[in-house]
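What follows is one structure encoded as structure tokens, with my remarks underneath.
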Ligand code: F6R
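In the UniProt record's numbering, the protein residues as written are 245 to 609.
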């Protein structure tokens with residue numbers, strides 16, 4: 245039931261602090277400040293040399309964020325691809341190595357086919373699913389559930405942030421198993437992860453301001469999303485969310501690729517949404533913002549206080565987020581992107597929960 249909300253999507257966006265709390269609660273032992281990954285013991289992270297990740301759409305973008313975490317925090321190289329490519333790529337597989345599949349429904353045909361390909365190659369199969377009774381869950385050696393509850397809106401929102409939650413906790417678990425994090429450092433990370441639901445609640449309080457920005461955005465026919473580092477997959481996710489529910493053509497791009505082509509598109513009619521918390525790559529993104537501003541581009545900047553100060557707000561509409569620890573920033577920054585596309589779609593008058601041509605679960609390839 246939608247309760248007091250106009251759409252399931254709005255309800256599901258607002259449920260995130262709660263369902264993230266459930267999901268983290270499943271994997272973090274807050275009293276002991278430790279991780280609960282008994283189920284993941286089947287994956288030998290200590291001796292793994294690579295891990296494959298395959299998924300589709302939004303779940304694939306969750307995997308792209310996780311690549312940064314697994315490589316940086318756990319020192320584990322990641323091969324990641326969209327499942328529809330991976331299944332036919334004939335990638336050579338090393339038996340015994342882990343392969344991870346991410347799927348809300350657990351029924352996506354290409355993701356399932358990729359899983360079977362890795363199974364045939366003798367790999368250890370782990371999956372992150374929201375539907376515990378799904379085919380992907382049944383065919384996995386290790387099942388790590390997201391506790392997002394049923395997701396009715398076709399556009400994935402709470403399932404995405406809960407996938408990020410499990411992936412972040414799993415990366416910390418892998419880092420510990422690989423001797424990359426001490427007990428103390430694990431405790432510290434657990435403390436940080438546990439704060440994520442609170443930051444998501446803070447981000448939700450920015451809704452009125454985001455709705456105002458969305459009104460203008462809803463008149464655009466194209467939009468560009470830019471990010472660097474973990475904000476690149478968020479840019480891709482933001483663009484996907486906008487196009488699927490508002491039918492505005494949107495592209496996500498690595499900010500550093502701007503001058504390699506897409507900058508040719510910049511003019512007064514092109515909104516450019518930049519996802520740029522004041523993190524390690526902020527200075528680089530700030531110079532990309534100047535490049536857009538110099539060409540009269542309409543910038544919508546999603547940043548924190550420090551980032552807003554450094555960029556100066558003359559040429560940008562700015563959504564000022566709370567200052568979030570880098571590891572959980574992708575979870576918090578998903579929220580303004582969801583709200584932006586939700587409100588743009590509501591202004592555009594589209595069918596938010598049942599966008600044309602889309603199915604919630606894609607069981608054919
Ligand atoms: C986007 C969206 C889709 C799904 C994709 C994978 O909002 O919902 O891109 O993420 O079809 O679906 P699952 O996660 O069920 O495998």
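All C-beta atoms, glycine included, are put in the ideal place defined by N, C-alpha and C.
- Within 7 Å of the C-beta of residue 606 there is at least one heavy atom belonging to the ligand F6R.
- The beta-carbon separation of residue 520 and residue 551, rounded to 6 Å, stays under the 8 Å limit for a contact.
- The continuous alpha helix (DSSP H) containing residue 530 extends over residues 526 to 538.
- Residue pairing by DSSP places residue 347 opposite 373 in a beta bridge.
- Boundaries of the beta strand (DSSP E) around residue 493: 493 to 498.
- According to the DSSP secondary-structure assignment, residue 472 is paired through a beta bridge with no residue.
- From the listed residues 512, 392, 530 and 535, the smallest Cα separation to residue 504 is found for 535.
- At least one heavy atom of the ligand F6R lies closer than 7 Å to the C-beta of residue 398.
- Annotated three-state conformation of residue 279 is strand, per DSSP.
- Taking a C-beta distance under 8 Å as the contact criterion, residue 349 and residue 378 qualify as a contact pair.
- Cβ neighbours of residue 311 within its own chain (closer than 6 Å, five residues either side excluded): 322 and 324.
- The secondary-structure analysis by DSSP pairs residue 323 across a beta bridge with 296.
- Cβ contact annotation for residue 568 (same chain, cutoff 6 Å, sequence separation greater than five): 443 and 576, in chain order.
- Between residue 298 and the set 335, 277 and 267, the nearest pair of CA atoms involves 335.
- If you check the CB distance, residue 469 and residue 453 do not come in under 8 Å.
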